[in-house]
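Engineer: Under the working numbering, the sequence shown is numbered contiguously, ending at residue 114. Backbone N, C-alpha and C define an ideal beta-carbon position, used for all residues, glycine too.
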Amino acid sequence: NTRPVARGQHILVVDNDLQTLLSLTPTLENWGYTVSGAGDGEEALETLECDPEIDLILMDIAMPVKDGYATIEQIEKIPPLANIPIITMSCDMQAPERSYSNIKAEIAKPVDADKLKMLIENLLA
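#1: With DSSP collapsed to three states, give me the class of glycine 30.
#2: Are the CB atoms of methionine 82 and alanine 97 nearer to each other than 8 angstroms?
#3: With DSSP as the reference, label methionine 52 as helix, strand or coil.
#4: Tell me the DSSP bridge mates of valine 100?
#5: Comparing C-alpha positions only, which one of Val100, Glu62, Ser79 sits nearest to arginine 87?
#6: Quick check: the Cα distance between proline 53 and alanine 94, rounded to an integer number of angstroms?
#7: Just checking my contact of isoleucine 43 with isoleucine 64 at CB under 8 angstroms: how many whole Å lie between their CB atoms?
#8: Just reading off the beta strand (DSSP E) that isoleucine 61 is part of, what are its end residues?
#9: Can you look up leucine 70 in the DSSP assignment and give me helix, strand or coil?
#10: Tell me the DSSP secondary structure of methionine 78 in three-state form.
#11: Check this for me: beta carbons of isoleucine 75 and isoleucine 46, under 8 angstroms apart or not?
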């Protein structure tokens, strides 16, 4: 059953790897989501400030300059954004040094689309 279950929810994909953005965006759109992309933490924060209606964030952890955890820490400090659920994406799946209330799931890269779909549907159902 491949029909989209999304109800127009908006997902922000944050990844400095253009290939990941280019592969995830059409996949998410096919599932019925609206997708915004950000190439780094700063861009992610700018996008969130302009559009606080984002329902879910897919956050790459290993980004240069400001990694995913540093970005998540900043998001946590902004009240309207602090409750947006985050799925982290990582090649090495190391546990973070501290816990983050808004990280709801993690997925290994390269991302398994079926697993991602299940995680997103669980969070946005």
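Structural biologist: Taking the definition as stated:
#1: helix
#2: yes
#3: coil
#4: DSSP, once it has assigned bridges, lists no residue as partnering valine 100.
#5: Glu62
#6: 22 angstroms
#7: Not confirmed; about 10 angstroms, so no contact.
#8: Isoleucine 61 -> not in any beta strand (DSSP E); alpha helix (DSSP H) instead, spanning 57 to 65.
#9: coil
#10: strand
#11: yes
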